[in-house]
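J.: Those letters in the sequence shown? Residues -15 to 219, per our numbering, in order. This is the structure I want to talk about, given as structure tokens.
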Amino acid sequence: MSIWGFCAIFLFVTSDKFMRLFILTNILFGIGFFIYLYVTSHWILNFQSRESHIFFNRLSLLFILIPLFALSLFYKFPFVRYWEKPQWNEFIYFPFIWSGFHQTKVKFFLLIALTINVFTFMPFAIRNGWSLIQEVWLLTIIFSITNAVLEEVIWRGTLLSRFSEQLGEKWAVVITSLGFGLQHYSLGFPWGICIAFSLGGLFYGGITIQSRSIIPSMIWHMALNILMVFSGLIF
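Structure below.
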């Protein structure tokens, strides 16, 4: 930790303005993430109710946002640049978002992605039966809304906004996608799943950039969370 801090300070002093802001953004994210991990591992465990435990565990993601919000206030940046009505008719390319052998409008891309997700997870949900859905429906709503909204505000909201300003949109999508996958390792997911989350994060970021809105990625993320719970992959 001390080596990381020394390197961060050294790079901060010797770098140009945009790289300094990039390093500062990462430092503040690291501080918020450390507080988030501490709260979830020491305080949230005291909640007896399963619903309360899940809700406050996900709500603790706010601790990551607080330092980043302070950064935007200090430098007078918009906290999230993508709080706009989605531009559904903009194009996204497959497989590289900005280029590829196939292009489609954002609205159709999201519909196709949701359809693929449904057909992928449906066999697992059917195998678990209707009884599981009846048992966890409230947990599913609590988890899916709080988790999807807060994670998207973190990764496709404020971090994607800052990194786009500092490094450009393409690098911003790559870096936030890698971070998104690595974050899930702290939640106990195996590396294979974390890599899959990183790949998914590329398209979450891509659809945010192309639509100029965080709303499509929130819809996609929320739907995926619901399917994962009903499939038994979460909880």
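Ideal Cβ placement from N, Cα and C applies to all residues, glycine included.
1. Nearest by alpha-carbon distance to Trp72: which of Leu94, Val64, Ile28 is it?
2. Tell me the DSSP bridge mates of Pro79?
3. Go ahead and label Asn131 buried or exposed: buried means 16 or more other beta carbons lie within 10 angstroms of its beta carbon, across all protein chains shown.
4. Keeping to the same chain, check which residues put their C-beta closer than 7 Å to that of Gly141; ignore five residues upstream and five downstream.
5. Give me the Cα-Cα distance between Phe53 and Ile110, rounded to the nearest whole angstrom.
6. Give the single residue among Thr192, Phe80, Asn209 whose Cα lies nearest to the Cα of Asn101.
7. Any idea what DSSP makes of Lys89, helix, strand or coil?
8. Would you tell me roughly how many angstroms separate the C-alpha atoms of Ser44 and Tyr20, rounded to the nearest one?
9. Which runs of the alpha helix (DSSP H) at least 4 residues long sit entirely within the segment 22 to 59? Give them in chain order.
10. If you compare alpha carbons, which of Leu162, Ser128, Glu149 is closest to Phe2?
11. Looking at the structure shown, is Tyr66 part of a helix, part of a strand, or coil, going by DSSP?
12. Measuring CA to CA, which of Arg4, Ile50, Phe103 is closest to Asn207?
13. By alpha-carbon positions, which one of Lys69, Phe17, Phe214 ends up nearest to Gln118?
14. Quick check on DSSP: helix, strand or coil for Gln150?
15. Buried or exposed for Asn30, going by 16 or more other Cβ atoms inside 10 Å?
16. Return helix, strand or coil for Arg196, following the three-state DSSP convention.
17. Could you give the distance in angstroms between the alpha-carbon of Met(-15) and the alpha-carbon of Phe18?
18. Along the chain, where does the alpha helix (DSSP H) containing Glu135 start, and where does it finish?
19. For Gln71, which of helix, strand or coil comes out of DSSP?
20. Mark Met212 as exposed unless 16 or more other C-beta atoms lie within 10 angstroms of its C-beta, in which case mark it buried.
21. Whose C-beta lies closer than 7 Å to the C-beta of Ser201 among residues of the same chain, with five residues either side of it excluded?
22. With distances taken between CB atoms, is the gap from Pro51 to Ile15 smaller than 8 Å?
T.: With the given structure in hand:
1. Within the sequence shown, numbered from 1, the residue matching residue 72 stands at position 88. The residue with the shortest Cα to Cα distance from Trp72 is Leu94.
2. Stepping through the sequence shown from its first residue, residue 79 is reached at position 95. For Pro79, which the question treats as bridged, DSSP gives the partners Gly84.
3. Along the sequence shown, one-based indexing puts residue 131 at 147. With 16 or more other Cβ atoms within 10 Å, it is buried.
4. Here residue 141 corresponds to residue number 157 of the sequence shown, with the count starting at 1. These residues qualify, in order along the chain: Val64, Tyr66, Ile198.
5. Within the sequence shown, residue 53 is the residue found at index 69, counting from 1. Within the sequence shown, residue 110 is the residue found at index 126, counting from 1. About 42 Å.
6. The residue labelled residue 101 in the question sits at position 117 within the sequence shown. Per the Cα distances, Asn209.
7. In the sequence shown, residue 89 corresponds to position 105, counting from 1. Correct three-state label for Lys89: strand.
8. By one-based count along the sequence shown, residue 44 stands at place 60. By one-based count along the sequence shown, residue 20 stands at place 36. If I take the Cα positions, the gap works out to 6 Å.
9. 34 to 43, 46 to 59
10. What you label residue 2 is simply residue 18 of the sequence shown in a count that begins at 1. Closest by alpha carbon: Glu149.
11. Counting from 1 along the sequence shown, the entry for residue 66 is found at position 82. Correct three-state label for Tyr66: coil.
12. Translated into positions along the sequence shown, residue 207 becomes position 223. At residue 207 the sequence reads Ala, which differs from the Asn that was named. Among Arg4, Ile50, Phe103, the Cα nearest to that of Ala207 is on Phe103.
13. By one-based count along the sequence shown, residue 118 stands at place 134. Cα-wise, what sits closest to Gln118 is Phe214.
14. Residue numbering aside, residue 150 sits at position 166 when the sequence shown is read from its first letter. Of the three classes helix, strand and coil, the one that applies to Gln150 here is helix, per DSSP.
15. For the purposes of this step, residue 30 is identified with residue 46 of the sequence shown, where counting begins at 1. By the 10 Å Cβ count, Asn30 comes out exposed.
16. Here residue 196 corresponds to residue number 212 of the sequence shown, with the count starting at 1. Reduced to three states, the DSSP call for Arg196 is coil.
17. Here residue -15 is taken as the residue at index 1 of the sequence shown, counted from 1. Here residue 18 is taken as the residue at index 34 of the sequence shown, counted from 1. Any reading at Met(-15) must be qualified, since the residue scores a pLDDT of 45, below 50, and its modelled position is unreliable; the value itself is stated next. In a straight line, the C-alpha of Met(-15) is about 11 Å away from that of Phe18.
18. Taking the sequence shown and counting its residues from 1, one reaches residue 135 at position 151. 114 to 136 is the extent of the alpha helix (DSSP H) around Glu135.
19. Locating residue 71 in the sequence shown gives position 87, where the first residue counts as 1. Three-state DSSP puts Gln71 in coil, outside helix and strand.
20. Position 228 of the sequence shown, counted from the start, is the residue given in the question as residue 212. Looking at its Cβ environment, which holds 16 or more other Cβ atoms inside 10 Å, Met212 is buried.
21. Taking the sequence shown and counting its residues from 1, one reaches residue 201 at position 217. Here the set comprises Glu136, Arg140, Tyr188, Ile191, Thr192.
22. In the sequence shown, counting from the first residue as 1, residue 51 sits at position 67. In the sequence shown, counting from the first residue as 1, residue 15 sits at position 31. Yes, the pair counts as a contact, with Cβ atoms nearer than the cut-off.
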